[in-house]
Structures are given as structure tokens and as C-alpha cells.
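>
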Amino acid sequence: MQRIGVFVCWCGSNIAATVDVEAVAEALSHEPGVVFSANYQYMCSEAGQNLIKDAIRDHQLTGVVICSCSPRMHEQTFRKTAAAAGLNPYMVEIANIREQCSWIHKDKAAGTEKAIILGRAAVAKVHLNAPLVAGESPVTKRALVIGGGIAGIQTALDIADAGFEVDIVEKEPTIGGKMTQLDKTFPTLDCAACILTPKMVDCAQDERIHIYAYSEVEKVEGFVGNFTVTIKKKARFVDETKCTGCGLCTEKCPQKKVPNLFNLGLDTRRAIYIPFAQAVPKVATIDADYCNMLKNGKCGVCAKVCTAGAIDYKQTDQHIEEKYGAIVVATGYNPIKLDSFEEYAYAQSPDVVTSLEFERLTNAAGPTGGTLLRPSDGKHPHTIVFVQCVGSRDTSGCGKPYCSKICCMYTAKHAMLTRDKYPDTEVYVFYIDVRTPGKNFDEFYRRAVEEYGVHYIKGMVGKVAPQADGTLMVQASDLISNEQLHISADMVVLAAAIEPDKSARPLATMLTASMDTNDFFTEAHPKLRPVESPTAGIFLSGACQGPKDIPETVAQAGAAASKVIGLLSKNKLTGNPCVARSDEMLCNGCSSCEKVCPYGAISYEDKEFRMPNRTVAIRRVAKVNPAVCQGCGACTVACPSGAMDLLGFSNRQIMAEVDAICK
Amino acid sequence: MQVNEGFKPTIVAFCCNWCSYAGADLAGTNRLQYPADVKIIRVPCSCRVNPLFILRAFQRGADGVILCGCHPGDCHYTTGNYYARRRMTLLFSMLDYLGIERERTRVEWVSAAEGVKFAATMNDFVSTVTALGENKRLEDLRCKAN
Chain R
222 MQRIGVFVCW
232 CGSNIAATVD
242 VEAVAEALSH
252 EPGVVFSANY
262 QYMCSEAGQN
272 LIKDAIRDHQ
282 LTGVVICSCS
292 PRMHEQTFRK
302 TAAAAGLNPY
312 MVEIANIREQ
322 CSWIHKDKAA
332 GTEKAIILGR
342 AAVAKVHLNA
352 PLVAGESPVT
362 KRALVIGGGI
372 AGIQTALDIA
382 DAGFEVDIVE
392 KEPTIGGKMT
402 QLDKTFPTLD
412 CAACILTPKM
422 VDCAQDERIH
432 IYAYSEVEKV
442 EGFVGNFTVT
452 IKKKARFVDE
462 TKCTGCGLCT
472 EKCPQKKVPN
482 LFNLGLDTRR
492 AIYIPFAQAV
502 PKVATIDADY
512 CNMLKNGKCG
522 VCAKVCTAGA
532 IDYKQTDQHI
542 EEKYGAIVVA
552 TGYNPIKLDS
562 FEEYAYAQSP
572 DVVTSLEFER
582 LTNAAGPTGG
592 TLLRPSDGKH
602 PHTIVFVQCV
612 GSRDTSGCGK
622 PYCSKICCMY
632 TAKHAMLTRD
642 KYPDTEVYVF
652 YIDVRTPGKN
662 FDEFYRRAVE
672 EYGVHYIKGM
682 VGKVAPQADG
692 TLMVQASDLI
702 SNEQLHISAD
712 MVVLAAAIEP
722 DKSARPLATM
732 LTASMDTNDF
742 FTEAHPKLRP
752 VESPTAGIFL
762 SGACQGPKDI
772 PETVAQAGAA
782 ASKVIGLLSK
792 NKLTGNPCVA
802 RSDEMLCNGC
812 SSCEKVCPYG
822 AISYEDKEFR
832 MPNRTVAIRR
842 VAKVNPAVCQ
852 GCGACTVACP
862 SGAMDLLGFS
872 NRQIMAEVDA
882 ICK
Chain D
41 MQVNEGFKPT
51 IVAFCCNWCS
61 YAGADLAGTN
71 RLQYPADVKI
81 IRVPCSCRVN
91 PLFILRAFQR
101 GADGVILCGC
111 HPGDCHYTTG
121 NYYARRRMTL
131 LFSMLDYLGI
141 ERERTRVEWV
151 SAAEGVKFAA
161 TMNDFVSTVT
171 ALGENKRLED
181 LRCKAN
């Protein structure tokens, strides 16, 4: 018989306001095996934990039930408390009477009754708990960063700086991500390339960092400390080791009409290309969709002009298998497609552009060499209208319900820079709210209004109508003066909402990392564990977790790196002891469990059994490798003879909970 | 359908640790109300739920049992919820054969971010089971005696 202690937490008034904690402690004290029962204001506080420790020692407790917040919150805390008092940490069970009781029931009588039942179920479970000891597994001291934008670059640099090897997998031919396409960065107006490209070069030069550019993650197996990842290195038809990046092929290629995706299709490039001058690695790539040689076998100009002999038309995709201890997701974002926003005439008029396209139009390395010209006729625009929240904070279903966070600031930047360079251009900004929380952000926005005379108008644009004379008629309402406005504009710039990269969803499935309804990765705890995924060994960096500007992304990248460094610094990892175990006396070696195990943790061995008539029988029985088993329990249900059970969540334990609840 | 006023059903909810249990926590954090008749049992994965647990619950007098797991494709253990879905399909057709109303059992996918869905699901399930009334079909009086 266990000697069980029950500890009911008030959580200040969080629990005590809707659950009679004293009545719960009193009721549970009469449960079989309960020798001690107490309630306290904050069980997780030092005094509360001391109360638990003292009770364990004074009453020789063999099991502990804490009625408190969710085990997802403080299970580890209370397990450590028990361990400090000499009790096996797995002899602690939590009854969740806060998130799943006090916070959701206003009726105190009903809440109290439910709390007692939940406590009773936990007591019934603890009766069947057994001390568990976690196994250990080694750690591969190498990290993988998926995505080579500013988030991935910063994470990789920080991890490498601590002395660990890092691989970056980037799907584009070069690292750098969205930041390479930006002109200036708010609120300091630093040149984006000037602050990013040195970091890209650092990545290339650091011998601990290996860049797999033009590559994708294909398969992920294993678990924290021991991931095996298959990386697909897409054929670029150029030998990376030979190409010097001279760029001669990109000038001589006769196929000139390829949309330049780096400039968002605003100009063209050749079929063989280097995305931009500072690309890392600076290696040419052949676009197989447009190359005449790859399509028809006729051309071969690039091979003829290449003095390094780097062109290889027969190159195929390579599949590389690597081992990692930790994986960082840094897949970033994209602006949404604006096809469903017909009112802004994005598809009809080339002079309606997204903010990222505007960024290229003002960039010295962009299609216009940094001079702001209308895409339709190459003339200088005299009136520009910026529209904010295009698809952001949109609950109509066309866009995204969330705030994209960065648009207010980059629009202020665009407006300010336009007025600075072209004082004769009138600039209007239509907004729902201007949101500028951040260091020196509001000051920046006020400068745009006060110093640069940008016209900020609260209201939404209803329609953008292309006119016969080439201008755009913008119909909008001014919500403050309650007037209808008609502005004849030369250009309209849409602050499109941002969404997670499309590669994130299949990647999340591969990593078994969870996502929210908008396909942003979920963090382990929204406040206290913001850079960890709930899946151990998977970390989050940058906009894959939610919309973020560059300073925040860099801060999060550093935080993710520090978590990875902490993990890789360990020589051994303590595993989860709640794994499956087979009772060899019951097992008949039918292989049902092996077939459902997603980890291949179950193997079979021939075992000798002494029979009653003094003969020896050899039988095939299942054996679980505890280092590989993740404790899902699929095998326990598949087993027809009831031989397979899950430690910590055994059949008898769950049945006991069911019985306690249904009593 | 008659409405059983005053009847408080006993409802067992099996929730997987990674998605639905976290979704239930989120419903709590957001103070979304649902009836206290729902009692949650935490399991590592929906595939840990043996059909026998559900039969046991009905034997012991549960009026409704709901199993919640990660959305298909999102299982923390990759395939667990697919096993759960198949097993429950079989079990539910057997329960149907035994004369247990189909509405007393349910499988729902609730992610860690869907606190609203969790509360809405529970509200709906509780009102459905309340309308059905007490479940005595499988109740084992020998179980009740001890």
C-alpha cells in the first residue's frame, strides 16, 4: 500500500476563487492510502515546495498528488521537488484543477466537486505508479539550421561561435533570404545589404559552418540528440567546386527572357544566373525550365565560355544523409498572393505593386538602379498612395486574421525615403491603426509625418481604378473627417500581409513539430519557452514562429542558438522513462506491436523458458529498445495478448482513472 | 428529442498530451466555459487509448466518452492518430451493434492552438449526451457493487 500525500494549491485566487480548496483537501484525505493532505497558497513557491519536501520526509510518503495547474506547466517543478526529498520523481501525479477546472467553471460547487473527482483519479493512478529511471542517450554534437535567411544565418553563426558544427540548408541558390531584397532597414535606415552581406561571408568562411544551398530537407528520423536527416541537393548543373563565380556565362547565355525572381519578376535574367552580386555561395545555377540545352539539347554556350569547366548538364539531384543533435527551423515568411483582392487592381495595373516590389524599385541593385520609376512607362511618379493592412487583420476569409506587424514600419520607411529623395512627390498612407511598438519606432513614424510631410489618413481604400490616361483613381474614405476621397495617383503600393513559407507545413509534419491554424510554428510555451518547439530538439528562429522584424528575428535567432548550444554541450541526454515494456511471459511473438511502431523500437529475440515438466522451450518474444521508444503507446493497444504496456501510462493506471471518474 | 433537465452526465475525455490536452489548457487560459461534467484523462497519444478503456468507462457508468487527438498528419508520433481513428471506427460500430447510441462516443481532432474549438466541442458533446439521458446499456452492476 502506498503512503500518499495530497497537496492542493490555491494558486492565489486563480483556483481558490472557484474551487473550495479546503474542501478538496479534506475530501481527498479520506481516500485510501492518503496519509497526508494539505492546501497552500502557492505550491510552486519555495515555501510550498518545502511543505511538500517536509511532508515526504515526515510522513514517509511513497506517492504525491498535486492538485494545481496543468502538468504542462509545473510537472517538472514538482518532480524535482520530490527528487530533492528522496522520492522517485515519477511517483508524482498532477490533478489539473486550474486550466481544466477552476478557470472554466464559474459555479463553485460544481468546480469543487470536479476538483475532488480529478484529485481522486490522480490518487487512484499514484497507487499504481512505480519508480522509473530514465535511460541515457548520446548527443550528436552538430546542429542543422533549416533556412538561410537572417534568422538562420544568425543562429548558425552563434552556434558555430560556441565551437559546434552547423549545417545550413537553404532552398534558394544563395543564403540571405528576404533581407537581401530590402533596400534600407527601419528605424535606423541602415543599408540592408551592408549589414547582412558581411554575415553571409562569415558563414561561408567559418569552417564549422557548412552551407547546403539549393537544397531541401527530404526526410527526418530519430529524436532529440540523434536526428538523421536526408538532404536533397538539387541539381544546379554547375559544379560548385569548380565554379569561380566570374559571371561570364550569365552574360553570354542567349536565353534572355527569364523572369528575374530575385527582382520579383520586375525584370528578366538569363537561364544561367547568379541571383545577385554578393550571393553566397557565389556559384551559377542553370534554370532547367528555360535552358535550351537542358530542354532541347541545343545550345551549350555556357559550357563553351566557362574557363573553369564547371558546367555539367548531366548533374542529378544528390541525396545526402547527415546526423544532428538539434534542428533549428528558420523557414521565414512570404507576402501573400494578392489575387483575391481585385479591388486594388494588382493584377490589372503594373503600377500597383507590393511593398517588397517597391523595395526592389528603390534598391540601387534593383531593376531601375535605385531610381524610382513607374513600371508601366518608366516615368517618375508624382503621387504615390500606400495602402496598409492588405490582407492583414482581415477576418473576411480573403486574408489573414493576424497583424503582420512589420508593415506600419516599412511603410513609414518607404514614405519617408520617397519624400527625402523626391520632395516633389506627394505621399499618402491609408491605415486602420498605426502600430509602432519598438525601440525608436514611434519616433520614426512621427518623423515621417512631421518632418517629411507624409499624409497619413485613417481609412481603408475601397477601390483602385486604372484610368485611360495611365493614372490610378484611388477611392477611399477618411474616417476622421468622414469624407469620401478620390486621389489620382501614379503608383499604389500595397502592404501585403505576410504568411509562413509554403515549405513550413510539410516540414512540420516531418519534424512532428506543431503549428497553429495560420501555419506558424507553435512554441513550447508562449511566454517562458518562446524559441523551443514542443518537440524536444526542435527550435524556432525568426518569422516561421510569427511575424517579426529584423531586430526581433536576430534576438530570437540568438536565443535559439543558446538553447541549441545548451543541448549540444551535454554529453548524455536523459530520456523519457515512460516507454513501452513487454511482458515476456505473456508475449507470443506475433509481431503486431512491431508493425505499428513508428520508430522501429521493437525487435525480437529467442528466449529460453523452463517448462513445468523440466524441459526447456525456446520462444520468440518482443523486446523494446528504451532509447528508441518515444512512448506513444500504439503497441500497447495492438498487442492481442496484453503483454505490451506503457510505463507511466499503464493499462491499470488509466483504468483506475476511468473508474475514479465514473464512480 | 426530450431534454433532460437537471440530468448531469458523466463524461470521460481522453486527450493526447501534445495537441488536445494543450488545447484544453488553452481553453482554460482563455477562460472559455464548458460544463464541469467533462473530466479529462491525459494520455501520451490518442493511439494509447485501448477500446477496452472506453468499454470500461461505459461499464462503470459513463454517459459519454470522447477521444481527442492531433489533426490527421500532425500527430507528434507521426501516425498514432491514424491508428486511433481506425480502432475507434471499429469500436463505434460494435457499440452501435450493442445498442449504445452512436452519439455517446466521438472522435475529435483538436490542436494545441484550438482552445475555442475544444470548448465548443465539449459544449456540443455535453448537450448531446444530456439530451440522450443516462446510459445503462453496458453498466455492470457487479462493478458498481464494489
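Protein chains in written order, with the numbering used here: chain R, 222 to 884; chain D, 41 to 186.
Heads up, the beta-carbon is just placed ideally off N, CA and C, and yes, glycines get one too.
None of these values were measured; they are calculated from a predicted model.
Kindly indicate which residue of R/E580, R/V670 and R/P310 has the alpha-carbon position closest to the one of R/A355.
Ranked by how close their Cα comes to the Cα of R/A355, the residues R/E580, R/V670 and R/P310 have R/P310 in first place.
> Can you give me, in chain order, the residues of the segment 122-156 of chain D that have a beta carbon less than 9 Å from any beta carbon in chain R?
Only Y123, A124, R127, S151, A152, A153 and E154 from the segment 122-156 of chain D bring a Cβ to less than 9 Å from some Cβ of chain R.
> Could you tell me the distance, in whole angstroms, from the CA atom of R/E578 to the CA atom of R/Y567?
12 Å
> Within 10 angstroms of its Cβ, does R/S561 collect 16 or more other Cβ (buried), or is it exposed?
exposed
> Can R/A248 and R/I337 be called in contact, C-beta distance under 9 Å?
yes
> Quick one: which chain D residues come within Cβ less than 7 Å of R/A331?
A76, listed in chain order.
> Enumerate in chain order the residues of its own chain whose CB-to-CB distance from D/A97 is below 7 Å, with the five nearest sequence positions on each side excluded.
Cβ contact annotation for D/A97 (same chain, cutoff 7 Å, sequence separation greater than five): V52 and V105, in chain order.
> Drop a sphere of 10 angstroms on the beta-carbon of D/S167, count the other beta-carbons inside from all chains shown, and report buried for 16 or more, exposed for fewer.
By the neighbour-count rule (16 or more Cβ atoms within 10 Å), D/S167 is not buried but exposed.
> Entirely within the segment 224-265 of chain R and at least 3 residues each: give me those beta strand (DSSP E) ranges in chain order.
225-230 and 255-261
> So, helix, strand or coil for D/C55, using DSSP?
strand
> For R/D411, write down the residues that DSSP places opposite it in a beta bridge.
R/T406
> When burial is assigned at 16 or more other CB atoms within 10 Å of the CB, is R/E671 buried or exposed?
exposed
> Note down, in chain order, every chain R residue with its Cβ under 9 Å from the Cβ of D/G63.
Within chain R, no residue comes near D/G63; the closest Cβ sits about 10 Å away, beyond 9 Å.
> Which residues mark the beginning and the end of the beta strand (DSSP E) in which R/H887 is found?
Chain R is shown only over 222 to 884; residue 887 of chain R falls outside these bounds and no answer can be derived.
> Would you tell me roughly how many angstroms separate the C-alpha atoms of D/T118 and R/M294, rounded to the nearest one?
Separation of D/T118 and R/M294 (C-alpha to C-alpha, rounded to the nearest whole angstrom) is 24 Å.
> Quick one: give me the first and last residue of the beta strand (DSSP E) that R/I786 is part of.
That residue, R/I786, is in no beta strand (DSSP E); its alpha helix (DSSP H) goes I771 to L789.
> Find the nearest neighbour of R/C610 within the set R/A636, R/Y652, R/V574 and R/A586, judged by alpha-carbon distance.
R/Y652
> In or out: R/D866 buried (at least 16 other Cβ within 10 Å) or exposed?
buried
> In three-state DSSP terms, what is R/L282?
coil
> For D/R146, which residues in the same chain have their Cβ closer than 7 Å to its Cβ, ignoring the five residues on either side in sequence?
I106 and F165
> Quick one: measure Cβ to Cβ for R/E542 and R/T449, integer angstroms, because I've assumed they're closer than 8 Å.
6 Å
> Which class does R/K335 belong to by DSSP, given the choice of helix, strand or coil?
If DSSP states are grouped into helix, strand and coil, R/K335 belongs with the helices.
> Taking C-beta to C-beta, are R/L469 and R/V526 nearer than 9 Å?
yes
> Express the C-alpha separation of R/L353 and R/V255 in angstroms, rounding to a whole number.
21 Å
> Determine the burial state of R/N872: buried for a count of at least 16 other Cβ atoms within 10 Å of its Cβ, exposed for fewer.
Here R/N872 is buried: its Cβ has 16 or more other Cβ atoms, across all protein chains shown, within 10 Å.
> Using a cut-off of 8 Å between C-beta atoms, extract the partners of D/V83 located in chain R.
G854, F870 and I875
> Locate the beta strand (DSSP E) running through D/Y137, then write down its first and last residues.
Note, D/Y137: premise wrong, no beta strand (DSSP E); alpha helix (DSSP H) at G120 to L138.
> Does the distance from the CB of R/V606 to the CB of R/M731 come in under 9 Å?
For R/V606 and R/M731, no; Cβs fall outside 9 Å.
> Among the candidates D/A62, D/E174 and D/E143, whose CA atom is the shortest distance from the CA of D/E45?
D/E174
> Are the Cβ atoms of R/T302 and R/V286 separated by less than 9 Å?
no
> Select from D/N121, D/P112, D/G109 and D/L135 the residue whose C-alpha is nearest the C-alpha of D/L92.
Ranking D/N121, D/P112, D/G109 and D/L135 by CA distance to the CA of D/L92 puts D/L135 first.
> How would you label R/K634, buried or exposed, when you count the other beta carbons within 10 angstroms and need 16 or more for buried?
buried
> According to DSSP, is R/F651 helix, strand or coil?
strand
> Select from R/A686, R/N703 and R/I374 the residue whose C-alpha is nearest the C-alpha of R/V775.
R/I374
> Let me see if you follow: with CB-CB separation under 9 Å, is D/M41 close to chain R or not?
Residue placement at D/M41 is flagged as unreliable, the pLDDT there being 46, under the threshold of 50; the coordinate-derived value follows with that caveat. It does not: the Cβ of D/M41 has no partner Cβ on chain R nearer than 9 Å.
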